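K.L.:
One structure coming up, written as structure tokens, with questions to follow.
There are 2 protein chains.
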Amino acid sequence: MDIKKTYSISELAKEFDVTTRSVRFYEDQGLLHPTRRGQTRIFSSKDRVRLKLILRGKRMGFSLSETKELFDLWDETLSGNEKQLLLMLNTLANKRAQLEQQKNDIAQAEMEMDTAEARCREALAELQKKKLQQAKAEKEEPVEQK
Amino acid sequence: MDIKKTYSISELAKEFDVTTRSVRFYEDQGLLHPTRRGQTRIFSSKDRVRLKLILRGKRMGFSLSETKELFDLWDETLSGNEKQLLLMLNTLANKRAQLEQQKNDIAQAEMEMDTAEARCREALAELQKKKLQQAKAEKEEPVEQK
DNA sequence: GATAAAGTTTACGTAAACGTAAAGTATTTT
DNA sequence: AAAATACTTTACGTTTACGTAAACTTTATC
């Protein structure tokens with residue numbers, strides 16, 4: 001089995017560095033499904049995993065509703081219906097294409113950052129050279145100021 | 147030199163598949179700086195490049211203001227001031243760290259998609275097996291319906 | 001010279017993803 | 001039992017990134 005533990009809202013919030021407001025919002029949007037003891041939320045380790053996925057999705061530029069669609073789709077997939085299984089495979093293929101695009105974007109960005117950095121270093125080297133020249137000049141022909 | 151051409155707002159909008167509204171908005175936010183002929187906007191090839199960068203930034207999860215900061219910073223960097231150069235190098239390092247995080251996220255996502263896909267295919271194979279068994283059974287002991 | 005096509009400004013509307021009180025309940029600590 | 005702590009719901013506010021409509025010029029076409 002899993003870690004089997006349960007979590008309070010503030011435990012999760014602290015662990016993933018989000019506000020409790022956000023966690024409640026994610027529940028509101030149907031992304032998390034805590035049970036209740038009285039009116040207090042109790043989160044399962046499944047919820048914990050999903051929260052992690054939500055946040056990673058965000059870092060990857062996914063909206064909450066996109067992530068929710070994936071969650072829902074996966075839940076239905078687990079029912080084992082053939083149509084759902086095919087739909088899931090299809091969706092996975094689409095997401096893969098998206099990730100490919102992102103990888104291209106990142107590679108491009110990295111290349112451009114390389115050339116930008118190189119230019120910066122060149123410019124800095126220029127400045128250093130000038131400084132040295134000036135220092136030398138002052139040594140041979142000192143300039144006093146008073 | 148560059149391609150040296152100029153562009154109308156709708157040319158750019160069509161090429162990058164955005165609305166003119168968006169392009170005007172990007173100008174409003176200080177990301178693009180078209181000149182004017184009368185009151186009509188004329189975009190340079192520099193603007194064109196920046197638009198491309200804006201859109202790539204978006205796909206990578208950057209906000210418009212983040213992108214603007216980079217643009218502004220780069221412009222000031224070109225002035226050759228030492229402090230600006232160092233600041234730029236610093237910023238570049240930060241961005242690189244961000245990209246590393248994104249690459250990790252993508253790699254993780256790809257792994258999970260692999261296992262998800264594998265499960266789907268297993269489940270589908272199960273279904274096929276059942277179908278075959280059933281067809282066989284019906285052949286040996288046909289079931290008529292009328 | 002009327003009309004269509006492409007451009008403009010102004011301005012209100014909207015969806016997403018929370019922030020931020022306000023006001024109340026439940027539990028634990030002192 | 002009083003106070004502090006952690007949780008709750010309700011609800012209005014805010015930022016980002018545009019959409020959409022209205023009303024108006026400018027230029028090209030019939």
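Heads up: the protein sequence lines correspond to chains C and G, in order. If you're matching positions, the first sequence starts at 1 in my numbering and goes up one per residue. If you're matching positions, the second sequence starts at 147 in my numbering and goes up one per residue. Virtual Cβ for every residue (Gly too), placed ideally from N, Cα, C. Note that the structure is a prediction, hence the values are computed from the model and not measured.
1. Identify the contact partners of ASP105/C in chain G, using a Cβ-Cβ distance below 8 Å as the criterion.
2. Reducing DSSP to helix, strand and coil, say where THR165/G ends up.
3. Who are the Cβ neighbours of LEU85/C in its own chain at under 8 Å, not counting the five residues just before and after it?
4. For the putative contact between ILE9/C and VAL23/C, defined by C-beta atoms under 8 Å, what is the C-beta separation to the nearest angstrom?
5. By alpha-carbon positions, which one of LYS131/C, LEU124/C, THR35/C and GLY30/C ends up nearest to ASP75/C?
6. Count the other CB atoms within 10 Å of the CB of ASP28/C; is the residue buried (16 or more) or exposed (fewer)?
7. Please tell me whether SER88/C has its Cβ less than 8 Å away from any Cβ of chain G.
8. Compute the Euclidean distance between the alpha carbons of GLN244/G and LYS139/C, then round it to the nearest angstrom.
9. So, does the region 106-116 of chain C touch the region 242-260 of chain G, judging by three or more C-beta pairs under 8 Å?
10. Please tell me whether LEU170/C has its Cβ less than 8 Å away from any Cβ of chain G.
11. To the nearest angstrom, report how far apart THR186/G and ARG196/G are at their CA atoms.
12. Measuring alpha carbon to alpha carbon, tell me which of GLN128/C, GLY38/C, LYS131/C and LEU53/C ends up nearest TYR26/C.
13. Please state whether DSSP places PHE208/G in a helix, a strand or coil.
14. Which of the three DSSP states, helix, strand or coil, is assigned to THR237/G?
15. In whole angstroms, give me the CA-to-CA distance for GLU272/G and LYS95/C.
16. Using a Cβ cut-off of 7 Å, pull out every chain G residue sitting near MET113/C, in sequence order please.
17. Quick one: give me the first and last residue of the beta strand (DSSP E) that THR186/G is part of.
18. Just reading off the beta strand (DSSP E) that THR35/C is part of, what are its end residues?
19. Give the residues from the region 31-52 of chain C that approach chain G closer than 7 Å (Cβ to any Cβ), ordered along the chain.
20. Counting C-beta neighbours from all protein chains within 10 Å, is the total for LYS146/C 16 or more, i.e. buried, or is it exposed?
21. Between LYS129/C and chain G, is any beta-carbon pair separated by less than 8 Å?
22. Compute the beta-carbon to beta-carbon distance between GLU228/G and LEU32/C, rounded to the nearest angstrom, for a pair I have assumed lies under 8 Å.
23. Of all the CB atoms in chain C, is at least one closer than 8 Å to the CB of LEU270/G?
24. Is the distance from the Cβ of GLY61/C to the Cβ of ARG205/G below 8 Å?
25. Output yes if chain G places a C-beta closer than 8 Å to the C-beta of ALA109/C; else output no.
P.N.:
Quick answer:
1. Within the first sequence, the letter at position 105 stands for residue 105/C. Per Cβ cutoff of 8 Å: ARG202, ARG205 and MET206.
2. Translated into the one-based positions of the second sequence, residue 165/G becomes position 19. Coil, per DSSP.
3. Taking the first sequence and counting its residues from 1, the one referred to as residue 85/C is at position 85. Only THR77 meet the Cβ criterion.
4. The residue you call residue 9/C lines up with position 9 of the first sequence. The residue you call residue 23/C lines up with position 23 of the first sequence. Yes, they are in contact, since the Cβ atoms of ILE9/C and VAL23/C sit about 5 Å apart, within 8 Å.
5. Position 75 of the first sequence, counted from the first residue, corresponds to residue 75/C. It is GLY30/C.
6. As a first step, residue 28/C is located in the first sequence; it is residue number 28 there, counting from the start. By the neighbour-count rule (16 or more Cβ atoms within 10 Å), ASP28/C is not buried but exposed.
7. On the first sequence, position 88 is the one that residue 88/C refers to. Rather than Ser, the amino acid found at residue 88/C in this sequence is Met. With 8 Å as the cut-off, MET88/C counts as an interface residue toward chain G.
8. Taking the second sequence and counting its residues from 1, the one referred to as residue 244/G is at position 98. Taking the first sequence and counting its residues from 1, the one referred to as residue 139/C is at position 139. A straight line joining the alpha-carbon of GLN244/G with that of LYS139/C spans about 46 Å.
9. yes
10. No information on residue 170/C is available, as it lies outside the stretch 1 to 146 that chain C covers here.
11. In the second sequence, counting from the first residue as 1, residue 186/G sits at position 40. In the second sequence, counting from the first residue as 1, residue 196/G sits at position 50. Answer to the nearest angstrom: the Cα atoms are 19 Å apart.
12. Residue mapping note: residue 26/C aligns to position 26 of the first sequence, counting from 1. Comparing Cα-Cα distances from TYR26/C to each of GLN128/C, GLY38/C, LYS131/C and LEU53/C, the minimum goes to LEU53/C.
13. Residue 208/G sits at position 62 when you count from the first residue of the second sequence. DSSP places PHE208/G in coil when its eight states are reduced to three.
14. For the purposes of this step, residue 237/G is taken as residue 91 along the second sequence, with counting starting at 1. In this structure, THR237/G counts as helix in the three-state DSSP scheme.
15. Along the second sequence, read from residue 1 onward, the residue named residue 272/G stands at position 126. Along the first sequence, read from residue 1 onward, the residue named residue 95/C stands at position 95. Rounded to whole angstroms, GLU272/G to LYS95/C spans 25 Å at the Cα level.
16. Translated into positions along the first sequence, residue 113/C becomes position 113. Within chain G, the residues near MET113/C are LEU238, LYS241 and ARG242.
17. Translated into the one-based positions of the second sequence, residue 186/G becomes position 40. 186-188 is the extent of the beta strand (DSSP E) around THR186/G.
18. Mapped onto the first sequence, residue 35/C falls at position 35. Residues 35-37.
19. none
20. Numbered from 1 along the first sequence, position 146 holds the residue referred to as residue 146/C. With a pLDDT of only 45 at LYS146/C, under 50, the local geometry of the prediction cannot be trusted, and the value read off the model is given with reservation. By the 10 Å Cβ count, LYS146/C comes out exposed.
21. Position 129 of the first sequence holds residue 129/C. Taking a beta-carbon distance threshold of 8 Å, LYS129/C does not count as an interface residue toward chain G.
22. By 1-based counting over the second sequence, the position of residue 228/G is 82. By 1-based counting over the first sequence, the position of residue 32/C is 32. That pair is no contact at about 50 Å.
23. Residue numbering aside, residue 270/G sits at position 124 when the second sequence is read from its first letter. For LEU270/G, the nearest beta carbon of chain C is closer than 8 Å to its own beta carbon.
24. Against the first sequence, residue 61/C aligns to sequence position 61. Against the second sequence, residue 205/G aligns to sequence position 59. Closer than 8 Å, so yes.
25. By one-based count along the first sequence, residue 109/C stands at place 109. Closer than 8 Å: yes.
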